[in-house]
Amino acid sequence: MTKNEFLILTDKYNRGECTPGEEKLIIQFCQDVQVADITLQWDLSEEEETKIKLLKRINSQIDTQQSEGETKGKEGSRFALWKVAASLALFIGIGYGTFHFYNPEPQVTYVTKETERGQQLKITLGDGSVVQLNAESSIQFPEEFSSAERKVLLEGEAFFNVAKDADKPFIIKTQGLSTEVLGTSFNIQAYPEDGNIKVTVATGKVKVRRSSESDNSSETTLGNHEEVFLLPEYQAVFHKETGSIAKRQVSLSSYLGWKDGLIVLENVTIAEAVKKLSRLYHVEFEFENDLHGNCVINGEFRRDELTNILENLSFITALKFERVTDKKIKITGKECN
């Protein structure tokens with residue numbers, strides 16, 4: 013393991029973000045490490061001779077603690093292993109205080125809530141925040157938030173009404189994007205099959221930034237902003253392919269209407285409209301002519317029987333919507349109006 017790899021892994025371990033495989037790797041490394049090998053492999057300077065001697069003394073003490081830990085149980089052994097990592101950190105000059113000794117904490121229990129096509133769900137989190145989950149979406153959150161932050165994972169679409177807590181930011185992680193607030197209401201649309209993620213603010217102020225895992229080292233510019241702040245009636249659009257974030261002013265009803273039982277189609281293509289209907293009504297649409305999908309429409313409908321909505325769309329576009337089966341609808345016609 014290189015010095016940089018060790019630093020990255022120990023930092024992740026310290027923050028509790030290691031995968032099981034990474035945790036196994038760092039623990040195994042600490043078990044097998046030999047001072048002489050590290051001296052050669054990490055190309056350390058002569059100035060660190062005193063630290064080498066110090067590390068040897070620490071390792072000698074830790075060997076004794078590890079032997080005792082075998083009789084005291086698994087946690088004693090892990091404690092000794094983490095002291096190896098801490099002493100290595102001291103050895104390469106980043107400071108002993110940078111790392112914390114391993115201190116067993118209660119196992120965090122995570123809750124996952126999901127909706128299928130045609131379903132919606134309202135959830136109240138432990139801090140009093142309310143989440144409305146749209147169709148074909150999922151959210152994961154801890155049963156109890158940590159003392160430092162309130163972090164959830166979202167796939168799909170949800171409207172958040174976040175309880176205020178100035179000391180604990182509320183963070184929503186989506187694919188390549190992080191949205192952070194203290195107390196406000198906003199909508200996130202982050203379906204995995206879509207090319208972008210949209211964050212729309214209803215009240216308060218929201219910070220949206222690229223997650224570190226989405227960084228592209230080959231980029232020379234972001235095209236827009238890596239981090240933006242949003243006020244009410246503003247939206248951030250994160251483009252997954254380029255990693256850029258655009259900011260624009262929008263009509264709230266177009267993006268928040270779903271939570272009030274509305275289907276708002278504002279300057280969207282038929283292809284976009286039927287994708288939304290597929291999620292809401294659990295049906296599939298098939299175009300006889302792919303060009304029909306490019307027709308642009310505007311309309312607002314109550315979430316009614318699908319047949320009524322399709323009749324309205326047919327009137328607006330002159331396209332025909334024919335049921336092939338209960339779950340499949342074929343779109344035919346000549347040209348859009």
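With this note's numbering applied, the sequence shown has no gaps in its numbers, which climb one by one up to 349 at the end. Where is the CB? At the ideal position from N, CA and C, for every residue including glycine. Since the model is a prediction, treat every value here as computed from it, not as a measurement.
*asked:* Tell me whether the segment 301–311 and the segment 254–268 touch, counting them as touching only if at least three CB pairs, one residue from each stretch, are closer than 8 Å.
replied: no
*Confirm, please, whether the CB-CB distance from residue 250 to residue 166 is below 8 Å.*
Indexing the sequence shown from 1 puts residue 166 at position 154. Indexing the sequence shown from 1 puts residue 250 at position 238. No, they are not a contact pair.
*Cβ-Cβ separation, residue 141 to residue 175 (assumed contact under 8 Å), whole Å*: Looking up residue 175 in the sequence shown gives position 163. Looking up residue 141 in the sequence shown gives position 129. Going by Cβ atoms, the distance from residue 175 to residue 141 rounds to 5 Å, so yes, they are a contact pair.
*DSSP three-state call for residue 324: helix, strand or coil?*
Stepping through the sequence shown from its first residue, residue 324 is reached at position 312. Here residue 324 sits in helix by DSSP.
_Quick check on the DSSP output: the beta strand (DSSP E) that includes residue 258 runs from which residue to which?_
On the sequence shown, position 246 is the one that residue 258 refers to. Note, residue 258: beta strand (DSSP E), 257–261.
_Rounded to whole angstroms, what is the Cα-Cα separation between residue 178 and residue 247?_
Taking the sequence shown and counting its residues from 1, the one referred to as residue 178 is at position 166. Taking the sequence shown and counting its residues from 1, the one referred to as residue 247 is at position 235. Cα to Cα, residue 178 sits roughly 23 Å from residue 247.
*My understanding is that residue 193 touches residue 181, with C-beta atoms under 8 Å, so please give their C-beta distance in whole angstroms.*
Against the sequence shown, residue 193 aligns to sequence position 181. Against the sequence shown, residue 181 aligns to sequence position 169. The pair is a contact, with the Cβ atoms about 7 Å apart (cut-off 8 Å).
*residue 340 classed as buried or exposed, judged by whether at least 16 other C-beta atoms fall within 10 angstroms*: The residue labelled residue 340 in the question sits at position 328 within the sequence shown. When all chains shown are included, residue 340 counts as exposed.
_Residues that residue 213 bridges to, as DSSP identifies them_ = Mapped onto the sequence shown, residue 213 falls at position 201. DSSP, once it has assigned bridges, lists 198 as partnering residue 213.
*In angstroms with no decimal places, state the Cα-to-Cα distance between residue 282 and residue 315.*
As a first step, residue 282 is located in the sequence shown; it is residue number 270 there, counting from the start. As a first step, residue 315 is located in the sequence shown; it is residue number 303 there, counting from the start. Each residue's Cα considered, the two are about 17 Å apart.
*Separation of residue 345 from residue 238, as counted between CA atoms*: Your numbering for residue 238 matches position 226 in the sequence shown. Your numbering for residue 345 matches position 333 in the sequence shown. Using only the alpha carbons, I get a separation of about 44 Å.
_Contact between the segment 145–160 and the segment 289–299 is defined here as three or more beta-carbon pairs at a separation below 8 Å; is this criterion met?_
yes
*Taking only the alpha-carbon atoms, compute the straight-line gap between residue 139 and residue 130 and give it to the nearest angstrom.*
Here residue 139 refers to the residue found at position 127 when the sequence shown is read from its first residue. Here residue 130 refers to the residue found at position 118 when the sequence shown is read from its first residue. C-alpha separation (whole angstroms): 28 Å.
*CA-CA distance, residue 312 and residue 20?*
By one-based count along the sequence shown, residue 312 stands at place 300. By one-based count along the sequence shown, residue 20 stands at place 8. So the alpha carbons of these two residues sit roughly 51 Å apart.
_Can you list, in chain order, the residues of its chain with a C-beta nearer than 6 Å to that of residue 152? Leave out the 5 residues immediately preceding and following it._
Stepping through the sequence shown from its first residue, residue 152 is reached at position 140. Contacts found: 122, 124, 165.
*asked:* Helix, strand or coil, according to DSSP, for residue 252 in the structure here?
replied: Start at 1 with the first residue of the sequence shown, and residue 252 comes out as number 240. Of the three classes helix, strand and coil, the one that applies to residue 252 here is coil, per DSSP.
*Selection from 310, 262, 35, 254 that minimises the alpha carbon distance to residue 222*: Translated into positions along the sequence shown, residue 222 becomes position 210. When only C-alpha atoms are compared, the closest one is 254.
*Whole-angstrom Cβ separation of residue 186 and residue 218, contact assumed at under 8 Å?*
Translated into the one-based positions of the sequence shown, residue 186 becomes position 174. Translated into the one-based positions of the sequence shown, residue 218 becomes position 206. That pair is no contact at about 13 Å.
*Hey, would you say residue 264 sits closer than 8 Å to residue 214, going by beta carbons?*
For the purposes of this step, residue 264 is taken as residue 252 along the sequence shown, with counting starting at 1. For the purposes of this step, residue 214 is taken as residue 202 along the sequence shown, with counting starting at 1. Their beta carbons are under 8 Å apart, which means residue 264 touches residue 214 by this criterion.
*Between the Cα of residue 260 and the Cα atoms of 212, 173, 207, 309, which residue gives the shortest distance?*
What you label residue 260 is simply residue 248 of the sequence shown in a count that begins at 1. That would be 212, whose Cα lies nearest to the Cα of residue 260.
*CA-CA distance, residue 119 and residue 184?*
Within the sequence shown, numbered from 1, the residue matching residue 119 stands at position 107. Within the sequence shown, numbered from 1, the residue matching residue 184 stands at position 172. So the alpha carbons of these two residues sit roughly 21 Å apart.
_Quick check on residue 127: buried or exposed, where buried means 16 or more other Cβ atoms within 10 Å of its Cβ?_
Here residue 127 is taken as the residue at index 115 of the sequence shown, counted from 1. Flag for residue 127 reads buried.
*Can you give me the Cβ contacts of residue 334 inside the same chain, cut-off strictly under 6 Å, excluding the 5 residues immediately before and after it?*
The residue you call residue 334 lines up with position 322 of the sequence shown. Correct list, in chain order: 342.
*asked:* Within the continuous alpha helix (DSSP H) that includes residue 291, where are the two ends?
replied: Residue mapping note: residue 291 aligns to position 279 of the sequence shown, counting from 1. Taken as a continuous stretch (DSSP letters only), the alpha helix (DSSP H) holding residue 291 covers 282–293.
*DSSP on residue 267, reduced to helix/strand/coil?*
Residue numbering aside, residue 267 sits at position 255 when the sequence shown is read from its first letter. DSSP places residue 267 in helix when its eight states are reduced to three.
*So the beta strand (DSSP E) residue 296 belongs to, where does it begin and stop?*
Taking the sequence shown and counting its residues from 1, one reaches residue 296 at position 284. 296–299 is the extent of the beta strand (DSSP E) around residue 296.
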